[in-house]
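Enquirer:
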Amino acid sequence: ASMSQQDEIELLKRQMAIMKENQNQFFMLINGMFVFFMQCGFAFLEAGSVRSVNTVNILMKNILDVFVGSLSFFAFGYPFAYGRPGNSFIGHNNFFGANVDYFEKTITVDNSTLAGYETSSSYFANWFFQYVFAATAATIVSGAVAERADFACYVIYSFTITGFIYPVSAHWVWSPDGWLYTGAGTGLRMQDFAGSCVVHVCGGVAALVGAKILGPRLGRFSEDGKLNAIPGHSVPLVSLGAFILFLGFLCFNGGSIQRISEDGDGLIASLSITNTIISGSGAGLSAMLANRVYNTVKGNGKFWSLLMAINGALAGMVASCAGCNDIAPWAALTIGSVAGVMFVVARNVVLWAEIDDPLDAISVHLIGGTIGTISAPIFAIRGQMVGGKPEGGPLYGGGIIAWKGVGWNLVGLLSIALWSGICCITLFSTLNMVGLIRIPKSVEEVGIDIKKHGELAYPEAFVRVISDEKKKKTEDGALKQRNLGADSKSLPIIKTSAWECDTNTPPTSSNGMTIDPALLSPNSVYSNL
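Shown next, in the form of structure tokens:
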């Protein structure tokens with residue numbers, strides 16, 4: 001029998017609902033993949049910013065954020081953040097993926113600007129998108145504690161921040177049950193579209209606490225307070241990582257609408273992307289200029305710093321996260337320009353306080369996130385919702401409600417900073433007391449890669465077996481050794497078995513060095529260094 005007109009209409013509605021749900025999930029998955037690719041950007045950025053003898057170690061930490069973070073966030077983090085039912089402080093359902101009907105086909109249309117809670121059919125798309133945000137928050141700390149954090153310390157930290165610390169802050173702001181989302185009776189809602197506060201302030205505070213408790217790298221600060229440069233080994237790697245992160249931030253912010261099937265969704269996504277690149281561009285230029293002015297005044301020379309431009313741009317993109325969906329491009333430029341200047345100021349304050357942050361993670365994420373959290377409600381076009389309608393921001397006729405929204409964002413900023421700070425102080429202090437926070441001095445002097453991982457990032461540039469005729473004892477009874485991987489005169493020369501160019505034998509590499517693979521195993525001579 002043929003279908004009635006009413007049945008055909010109902011079938012069409014169902015098909016449209018299914019299509020919209022699939023479109024939304026595909027949108028989240030694609031953007032989530034690009035945000036996941038930011039881990040590659042962080043890997044390049046951090047690898048280039050450390051010395052060559054610690055490159056494997058920093059890359060291992062990025063890998064751990066992916067492996068440990070995914071398991072931790074699936075088992076505990078996502079349930080704590082979005083498990084329903086939940087209370088205003090924390091969620092408490094779906095642990096280890098329990099109570100999820102994997103093949104449920106019920107479609108629930110959510111017409112809010114920010115995605116609310118999904119039906120079971122979209123559980124995994126939402127999990128993946130939220131997981132890559134959690135992994136980003138975890139990775140922030142790896143740069144701040146680079147070149148001296150113990151391996152076990154970082155494993156424990158990575159598990160804790162993705163499984164508990166970050167999920168609680170995400171629950172407060174992005175879960176319909178969270179107290180900063182519901183307003184706790186005030187009728188207000190915290191404005192943090194893509195995580196200036198939830199992701200970057202949370203991770204930035206963790207970086208500050210970790211770097212402070214861990215202490216500086218050997219030789220970073222002299223006893224008289226003099227700052228000693230310990231440059232990274234590859235600016236090109238830093239630049240490559242920066243471009244990958246720039247791309248990732250476009251999806252980080254543009255994808256945070258978490259849907260693309262409703263009227264206006266495309267506008268919000270494209271506006272978010274536009275504001276992100278404008279904010280980052282303004283910040284990169286302002287940071288580069290501010291750094292040049294600062295060094296000129298200090299008599300350090302007139303330089304246009306590539307690294308300052310890169311980190312300034314990252315700070316600007318971090319600052320854009322909170323309000324990129326609800327501000328005009330001119331406001332994004334203003335916010336980014338301020339973030340770039342404040343990045344330079346904060347960087348010098350961190351150095352003055354003798355806190356060693358090899359990646360400037362504190363200045364980029366904590367300061368950038370703070371500026372974004374405060375700026376979002378001030379420059380908001382729509383602002384707070386009153387009776388289902390936008391009230392408007394303070395600059396768009398919002399009145400007292402709009403300024404209350406600014407105050408609510410400040411409450412959220414302080415709350416998340418305190419939460420992350422208290423948790424991380426407890427965590428890192430405990431690890432410090434049990435002796436798991438920092439590598440031994442002897443390992444730090446030699447380099448973490450060969451002592452802790454038995455692998456080298458650049459083996460060809462590191463060692464060559466000396467012929468028996470050339471093996472002579474040095475004054476201390478060891479083999480004469482030379483380091484081609486150290487990048488700083490401020491540290492002792494790292495001990496290695498020397499490799500020398502051999503012009504009498506066929507070269508095995510582009511620089512004519514011959515390599516004995518046996519030396520690269522953990523059971524080699526390096527194990528006795």
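If you're matching positions, the sequence shown starts at 1 in UniProt numbering and goes up one per residue. All residues carry an ideal CB built from backbone N, CA and C; glycine is no exception. Predicted model, so just to flag it, every value in this text is computed and none were measured.
#1: Hey, would you say L250 sits closer than 8 Å to I277, going by beta carbons?
#2: Tell me the residue span of the alpha helix (DSSP H) that contains S72.
#3: State the DSSP-derived secondary structure class of M16, mapped to helix, strand or coil.
#4: So for K38, helix, strand or coil by DSSP?
#5: Which same chain residues end up closer than 7 Å to P506 when comparing Cβ atoms and leaving out the 5 residues on each side of it in sequence?
#6: What residue range is occupied by the uninterrupted alpha helix (DSSP H) comprising I277?
#7: Going by Cα to Cα distance, which pick from A17, V35, E46 is closest to L237?
#8: Do A361 and G204 have their beta-carbon atoms positioned less than 8 Å apart in this structure?
#9: For the segment 54 to 73 against the segment 292 to 311, do three or more pairs of beta-carbon atoms, one drawn from each stretch, fall closer than 8 Å, so that the two count as touching?
#10: On the criterion of 16 or more Cβ atoms from any shown chain inside 10 Å, does G143 qualify as buried, or is it exposed?
#11: Under a three-way DSSP split, which group does V386 fall into?
#12: How many angstroms separate the CA atom of E8 from the CA atom of I18?
#13: State the start and end residues of the unbroken alpha helix (DSSP H) segment that holds H171.
#14: Beta-carbon within less than 6 Å of L333's beta-carbon, same chain only, minus the 5 sequence neighbours each way: which residues are those?
#15: Can you tell me which of the three DSSP states G407 falls into?
#16: How many whole angstroms separate the CB atoms of I401 and Q384, which I take to be in contact at a CB cut-off of 8 Å?
#17: Hey, would you say G41 sits closer than 8 Å to H233, going by beta carbons?
#18: Please name the residue in G255, A313, I58, A135 whose C-alpha comes closest to that of Q23.
#19: Return the CA-CA distance between I273 and F27, expressed in angstroms with no decimal places.
#20: If you follow the alpha helix (DSSP H) that T162 is in, where does it begin and where does it stop?
#21: Looking at H171: is its Cβ nearer than 8 Å to the Cβ of A81?
#22: From what residue to what residue does the alpha helix (DSSP H) around R347 run?
#23: How many Å lie between R51 and M38 at the Cα?
#24: Any chance the segment 143 to 152 sits against the segment 439 to 459, with 3 or more Cβ pairs inside 8 Å?
#25: Please look up how many angstroms separate the CB atoms of P216 and D356, rounded, as I've assumed it's under 8 Å.
#26: Taking the straight line between their C-alpha atoms, what separation do you get for L227 and F124?
#27: I need the boundaries of the alpha helix (DSSP H) containing G248, first residue and last residue.
#28: Quick check on DSSP: helix, strand or coil for G86?
#29: Excluding the 5 residues preceding and the 5 following Y181 in the sequence, name in chain order all residues of the same chain whose CB lies nearer than 8 Å to its CB.
#30: Once DSSP output is grouped into helix, strand and coil, what is the label at A193?
#31: Which of helix, strand or coil does DSSP assign to F303?
#32: What does DSSP give as the partner residues of L414 in its beta bridges?
#33: Looking at C-alpha atoms only, which residue of E460, I439, Y458 is the closest neighbour of K451?
#34: Around the Cβ of M433, are there at least 16 other Cβ atoms within 10 angstroms (buried) or fewer (exposed)?
#35: State the DSSP-derived secondary structure class of S149, mapped to helix, strand or coil.
#36: Under 7 Å Cβ to Cβ from A115, same chain only, skipping five residues before and after it: list those, please.
Expert: So, from the data block:
#1: yes
#2: 55 to 72
#3: helix
#4: Note on identity: in this sequence residue 38 is Met, with Lys being the wrong assignment. Looking at M38 - three-state DSSP - the assignment turns out to be helix.
#5: Low per-residue confidence applies at P506: pLDDT is 38, beneath 50, and the placement is therefore not dependable, though the value from the model is reported in the following sentence. Excluding sequence neighbours, P506 sits near nothing in its chain.
#6: 265 to 298
#7: E46
#8: yes
#9: no
#10: buried
#11: strand
#12: 15 Å
#13: 166 to 174
#14: I278, G282
#15: helix
#16: 5 Å
#17: no
#18: G255
#19: 14 Å
#20: Where T162 is concerned, there is no enclosing alpha helix (DSSP H), given that its DSSP letter is neither H nor E.
#21: yes
#22: 329 to 352
#23: 22 Å
#24: yes
#25: 3 Å
#26: 48 Å
#27: 235 to 254
#28: strand
#29: W172, V173, W174, S175, R189, M190
#30: Just to set this straight, residue 193 is Phe in the shown sequence, not Ala. Coil at F193, not helix or strand.
#31: coil
#32: According to DSSP, which records beta bridges pairwise, L414 is partnered with nothing at all.
#33: I439
#34: exposed
#35: Here residue 149 is Ala; the residue named in the question, Ser, does not match the sequence. It is a strand residue.
#36: Any reading at A115 needs caution, since the residue's pLDDT is 36, under 50, leaving its predicted position unreliable; the model's value is listed next. Cβ neighbours of A115 beyond the five flanking positions: Q258, R259.
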